[in-house]
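Quick mapping for you: the protein sequence lines, in order, are chains A and B.
Residue 0 is where the first sequence starts when you use numbering that gives the first Met the number 0, and the numbers rise one by one after that.
Residue 0 is where the second sequence starts when you use numbering that gives the first Met the number 0, and the numbers rise one by one after that.
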Amino acid sequence: MKRVRFWGTRGSLPVALTAPALRARIVAAVRGARGRALAADADVEAYIDSLGFDVAGTFGGHTSCVEIETGGPDYVLCDLGSGVRPFGQAAIAKHGAASPRTYHVFMSHVHWDHIMGLPFFVPAYIPRNRIVIYGGHEELEFALRRQMEPPSFPVPFGTFKADIEFVRLAPGVRHDVAGMTVTTLLQRHAGDSYGYRFERDGRTVVYSTDSEHTLAGPEEMQAFVEFFRGADLVVFDAMYSLADSISVKADWGHSSNIVGVELCQLARAAHLCLFHHEPASEDAAIAKLLGDTRRLEEITRTGPPLRISAAYDGLEIVLADSP
Amino acid sequence: MEITHRAYADVVVVIPAGRLDHTVADDFERSLLPLVDPAAGSSAGVVLDFTRVDYISSVGLRVVLIAAKAARARGARIAVAGLRPVVSEIFAISRFNGVVEIFPTVAAALAAISPGAGVAYAAARPPES
Numbered sequence: 000m001k002r003v004r005f006w007g008t009r010g011s012l013p014v015a016l017t018a019p020a021l022r023a024r025i026v027a028a029v030r031g032a033r034g035r036a037l038a039a040d041a042d043v044e045a046y047i048d049s050l051g052f053d054v055a056g057t058f059g060g061h062t063s064c065v066e067i068e069t070g071g072p073d074y075v076l077c078d079l080g081s082g083v084r085p086f087g088q089a090a091i092a093k094h095g096a097a098s099p100r101t102y103h104v105f106m107s108h109v110h111w112d113h114i115m116g117l118p119f120f121v122p123a124y125i126p127r128n129r130i131v132i133y134g135g136h137e138e139l140e141f142a143l144r145r146q147m148e149p150p151s152f153p154v155p156f157g158t159f160k161a162d163i164e165f166v167r168l169a170p171g172v173r174h175d176v177a178g179m180t181v182t183t184l185l186q187r188h189a190g191d192s193y194g195y196r197f198e199r200d201g202r203t204v205v206y207s208t209d210s211e212h213t214l215a216g217p218e219e220m221q222a223f224v225e226f227f228r229g230a231d232l233v234v235f236d237a238m239y240s241l242a243d244s245i246s247v248k249a250d251w252g253h254s255s256n257i258v259g260v261e262l263c264q265l266a267r268a269a270h271l272c273l274f275h276h277e278p279a280s281e282d283a284a285i286a287k288l289l290g291d292t293r294r295l296e297e298i299t300r301t302g303p304p305l306r307i308s309a310a311y312d313g314l315e316i317v318l319a320d321s322p
Numbered sequence: 000m001e002i003t004h005r006a007y008a009d010v011v012v013v014i015p016a017g018r019l020d021h022t023v024a025d026d027f028e029r030s031l032l033p034l035v036d037p038a039a040g041s042s043a044g045v046v047l048d049f050t051r052v053d054y055i056s057s058v059g060l061r062v063v064l065i066a067a068k069a070a071r072a073r074g075a076r077i078a079v080a081g082l083r084p085v086v087s088e089i090f091a092i093s094r095f096n097g098v099v100e101i102f103p104t105v106a107a108a109l110a111a112i113s114p115g116a117g118v119a120y121a122a123a124r125p126p127e128s
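Written as structure tokens, this is what we have:
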């Protein structure tokens, strides 16, 4: 596996930067530039890079959609949130609409924010494309078809011209897909969700979103530690603070940055990527979450350092070269 | 794990030590929850003396939350005192500083919860030099 590319990173509902918020950032950046020598383009770039991500960037954006670049010819995606729309546009721009491709899509579950992008996934409307949708839910196909029925949507699922298949995966069984070994894990979430462990060429990526950790017993924790064991990258649901996730938002089906760090430390994973951001969180709040999480890792470290990132739409994480 | 306790008037001070992680969480819960019962002498509340706690994980914090809920359910208070810098940061990052009251010292926590407990604690300790 070569890299992981994030097309949608927000939980529950897409969000957009508002014009007033954008203006406030521009004002802050221009004020900060006063007195600086910015005649050369390189100086401008360096100045922008010196600004915080909550000023010079934005976490976005779209709901869950993550691409795993395997090094093979097929595309591999996790979830069909609204981020799959720009992914589809990029794929067509790269290959052209007339060049058929195969897309393997692994679904964590069928809640709305994880399926809402499919009606806008243009490759599904193009003949000779092949889309294989994998998941653990019996009602996977039903859910994807139903969201495109009247009165919810004007274009029925039957309009798709691509060859679309559904494959049900059993938890704990190793499956071979697109040159990868794929294992699933049943997770705690309303209606269930599934985590995925992808392995290829000596590299491992784990996608574990919409997953609540009750912290009530060692068996639950140990199952996730083994699932994350030695992963190069763990994409992890860090929607709430620990306090909220086990008190006022208990049973809401989500986890925290704290649990992500602990599980990755125990599993000796290399890189934790905070994912499925709370839609009510402004960029500054997510930037603080990232800083807090890095600090937590630093003060609790007992083994090798754990790299910490916060996912944003457009983030690319390059996996280390294969051994 | 090592955990001791002592009653001062109507408040019990609980003193755990070491790392409060998944390996000791069950012991911590079994030791702490009976002390939240008023029969243990904690009718006004419980103070967790964390001056000897090196680290607390999410599982340990969950036990604190369970104890806090049990105390509040009967109108008592629960507080944490004497956090070491690392543990203090963990409370802040986990947002547990909004779940329980935090005091710099056991004496301050006792005085806030029960004046009688504060007096009893001061009387039981030698004056600080």
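Even for Gly, the Cβ is constructed at its ideal location relative to N, Cα and C.
Predicted, not measured: the structure shown is a model, and the values here were computed from it.
For residue i, which residues of its own chain have a beta-carbon under 8 angstroms away from its beta-carbon, when the five flanking residues on both sides are left out?
i	result
serine 308 of chain A	His270, Leu271, Cys272, Leu273, Leu289, Leu314 and Ile316
alanine 32 of chain A	Tyr46
With distance defined between alpha-carbon atoms, name the residue in the options nearest to residue i.
i	options	result
arginine 167 of chain A	A/Thr183, A/Lys160 and A/Gly178	A/Thr183
histidine 174 of chain A	A/Glu137, A/Phe197 and A/Leu21	A/Phe197
alanine 215 of chain A	A/Arg33, A/Ile245, A/Gly178 and A/Arg294	A/Ile245
methionine 106 of chain A	A/Asp243, A/Asp209 and A/Asp250	A/Asp209
tyrosine 102 of chain A	A/Arg33, A/Asp162 and A/Leu50	A/Asp162
methionine 179 of chain A	A/Thr292, A/Ala97, A/Asp191 and A/Arg199	A/Arg199
isoleucine 2 of chain B	B/Phe49, B/Ala110, B/Ser113 and B/Arg124	B/Phe49
alanine 18 of chain B	B/Gly117, B/Ile89 and B/Glu100	Looking at the sequence shown, residue 18 of chain B is not alanine but arginine. Ranking B/Gly117, B/Ile89 and B/Glu100 by Cα distance to arginine 18 of chain B puts B/Ile89 first.
valine 105 of chain B	B/Arg94, B/Ser93, B/Arg124 and B/Phe95	B/Arg124
isoleucine 225 of chain A	A/Tyr195, A/Leu241 and A/Asp250	The question names isoleucine, yet the displayed sequence has glutamate at residue 225 of chain A. Taking only the C-alpha atoms, the option nearest glutamate 225 of chain A is A/Tyr195.
Is residue i helix, strand or coil when you go by DSSP?
i	result
methionine 106 of chain A	coil
serine 321 of chain A	Here serine 321 of chain A scores only 46 on pLDDT, less than 50, and its place in the model is too uncertain to base an answer on.
arginine 94 of chain B	coil
tryptophan 251 of chain A	coil
arginine 84 of chain A	helix
phenylalanine 141 of chain A	helix
valine 154 of chain A	coil
histidine 94 of chain A	helix
phenylalanine 52 of chain A	helix
arginine 73 of chain B	coil
Leaving out the 5 sequence neighbours to the left and right, which residues in its chain are closer than 6 angstroms to residue i when beta-carbon positions are compared?
i	result
glutamate 68 of chain A	Lys1 and Arg2
proline 84 of chain B	none
alanine 189 of chain A	Gly252
valine 233 of chain A	Val205, Phe227, Cys263, Ala268 and Leu271
glutamate 296 of chain A	Val260, Leu305 and Ile307
Within 9 angstroms of any Cβ in chain C, is that where the Cβ of residue i sits?
i	result
valine 52 of chain B	Structure shown: chain C not included; protein chains present are A and B.
Looking only at its chain, what residues have a beta carbon closer than 7 angstroms to the beta carbon of residue i, apart from the 5 residues adjacent to it on each side?
i	result
valine 58 of chain B	Asp20, His21 and Ala24
proline 278 of chain A	Arg9, Gly10, Ser11, Leu12 and Val14
phenylalanine 58 of chain A	Thr8, His276, Asp282, Ile285, Ala309 and Tyr311
aspartate 231 of chain A	Arg202, Thr203, Val204, Ala269, His270, Leu318 and Ala319
valine 154 of chain A	Pro118 and Met147
serine 87 of chain B	none
serine 81 of chain A	Gly7, Pro13, His61, Thr62, Met115 and Gly116
Start and end of the beta strand (DSSP E) containing residue i?
i	result
methionine 147 of chain A	Element bounds for methionine 147 of chain A: n/a, residue is neither H nor E.
phenylalanine 119 of chain A	That residue, phenylalanine 119 of chain A, is in no beta strand (DSSP E); it is neither H nor E in DSSP.
histidine 174 of chain A	174-176
tyrosine 74 of chain A	74-77
histidine 113 of chain A	That residue, histidine 113 of chain A, is in no beta strand (DSSP E); its alpha helix (DSSP H) goes 111-114.
isoleucine 55 of chain B	52-55
valine 204 of chain A	202-207
alanine 309 of chain A	306-309
What first and last residue would you give for the alpha helix (DSSP H) that runs through residue i?
i	result
methionine 220 of chain A	217-227
threonine 292 of chain A	282-299
glycine 115 of chain B	114-123
leucine 262 of chain A	256-266
proline 15 of chain B	Premise fails: proline 15 of chain B lies in the beta strand (DSSP E), 10-19, not in any alpha helix (DSSP H).
leucine 34 of chain B	24-35
Could you pull the DSSP bridge partners for residue i from this structure?
i	result
alanine 78 of chain B	B/Val46 and B/Glu100
phenylalanine 165 of chain A	A/Ile132
glycine 194 of chain A	A/Leu184
methionine 238 of chain A	Note: methionine 238 of chain A sits in no beta bridge, so no partner.
serine 6 of chain B	Just to set this straight, residue 6 of chain B is alanine in the shown sequence, not serine. Alanine 6 of chain B is bridged to B/Val11.
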